[in-house]
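Below is one structure; the comments refer to it alone.
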Amino acid sequence: MAKQTELDQLDGEVKTLLLKILERYAYRQRMVVNAMGHGLKYLVDLEIKRGFLECLDHSFHVSVEVERLFDALGGVELMGAIRPRMERIPYPESRQELAAALALIRRAAHASAESYRDCVCKDFGALAMTVSLAPSMSAEAEEERFIAFANDSSNKRQAQTYWDRWLSLSLLSLGRPGARGDTRAVALGIRNIPTAQVVRMFLEELEPLRLACGLEYTRLEGFGVQLPEDLRNRFGTVGLS
19 MAKQTELDQL DGEVKTLLLK ILERYAYRQR MVVNAMGHGL KYLVDLEIKR GFLECLDHSF
79 HVSVEVERLF DALGGVELMG AIRPRMERIP YPESRQELAA ALALIRRAAH ASAESYRDCV
139 CKDFGALAMT VSLAPSMSAE AEEERFIAFA NDSSNKRQAQ TYWDRWLSLS LLSLGRPGAR
199 GDTRAVALGI RNIPTAQVVR MFLEELEPLR LACGLEYTRL EGFGVQLPED LRNRFGTVGL
259 S
């Protein structure tokens, strides 16, 4: 008789929720891989390009591990599940948009990963740890680049467009606060804090960057982002549909 693995011993409801969560992880990782892969064409400096390639390689391997775990849990056609969302993801259209996109996506990925580090599924907890310890790819330098761009008055409107676009995509990748699946994920030990708290952490940690850029929370109503009411009140129009 074959020895049961840790995954085999997981409760059926836990497996079902994990598969949904892994779809969101796969979506976010593909978003990072696609943005970075496309953005390589904007990089001239070879040392910066090398740093991007190292982080791209890390994101690629995380994507492979997400798909491996999805298959091991009995999932079917992961790409089929996320393709409709992937088709709506834009590619950065400039070096400045690439900096904004990666700053926001990376912060969202880190906030999400922190909530799964003690997951009842040890394989997924280890994967979340890998995401949270991802190489920084000179994150501060990238953010400084976008801050300088946003603070040039001639760029302000374009900077706001980039910010709105990638903030909404990052928030959507975190999931819907208050959903039944979110509540059950906490109750079952899949994650240690609910999505609402992850979103709150993400936005609070993002606030110094937003203020440094002199940008607003505007024009997000049409993206379908849903936030708890206290965050709607605090962060203006974010989340209103």
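Using our numbering, the first residue of the sequence shown is number 19, and each one after it goes up by one. All C-beta atoms, glycine included, are put in the ideal place defined by N, C-alpha and C.
Asked	Found
In whole angstroms, give me the CA-to-CA distance for residue 42 and residue 127.	11 Å
Assuming contact is defined by CB atoms lying nearer than 8 Å, are residue 16 and residue 178 in contact in what I supplied?	Residue coverage of the chain in this structure runs from 19 to 259, which leaves residue 16 outside it and unanswerable.
May I have the straight-line CA-CA distance separating residue 184 from residue 123, to the nearest angstrom?	7 Å
Evaluate residue 62 with the Cβ neighbour count: other Cβ atoms within 10 Å of its Cβ, from every protein chain shown; 16 or more gives buried, anything less gives exposed.	exposed
What does a CB cutoff of less than 7 Å around residue 9 pick up in its chain, not counting 5 residues either side in sequence?	The shown model of the chain, from 19 to 259, leaves out residue 9, and the question about it has no answer.
Where do the ends of the alpha helix (DSSP H) carrying residue 45 lie?	30-57
Report the three-state DSSP secondary structure of residue 27 (helix, strand or coil).	coil
Below 7 Å CB to CB, which residues in the same chain sit around residue 56 once its five sequence neighbours on both sides are set aside?	109, 110
Does the pairing of the region 83-92 with the region 134-146 give three or more beta-carbon distances under 8 Å?	yes
If we ignore side chains and look at the alpha-carbon of each, how far apart do residue 206 and residue 147 end up?	19 Å
Label residue 182 either buried or exposed according to how many other C-beta atoms from any shown protein chain fall within 10 Å of its C-beta, with 16 as the threshold for buried.	buried
What do you reckon, are the CB atoms on residue 125 and residue 229 nearer than 8 Å?	no
Tell me which residue opens and which closes the alpha helix (DSSP H) that residue 180 is part of.	174-191
Note down, in chain order, each residue of its chain lying with its Cβ closer than 8 Å to the Cβ of residue 81, except the 5 sequence neighbours on either side.	44, 47, 48, 51
Spatial neighbours of residue 133 within its chain, please: CB distance less than 7 Å, with the 5 preceding and 5 following residues excluded, ordered by chain position.	209, 210, 211, 216
Does residue 102 pass the burial test, meaning 16 or more other C-beta atoms within 10 Å, or should it be called exposed?	exposed
When the Cα of residue 77 is compared with those of 195, 53, 112, 197, which residue comes out closest?	53
Find out if the Cβ-Cβ distance for the pair residue 162, residue 227 is shorter than 8 Å.	no
Using a threshold of 8 Å, state whether the C-beta atoms of residue 131 and residue 149 are closer than that.	yes
Could you check if residue 58 is buried or exposed, using at least 16 other CB atoms within 10 Å of its CB as the buried criterion?	exposed
Assuming contact is defined by CB atoms lying nearer than 8 Å, are residue 203 and residue 35 in contact in what I supplied?	yes
Quick check on residue 75: buried or exposed, where buried means 16 or more other Cβ atoms within 10 Å of its Cβ?	exposed
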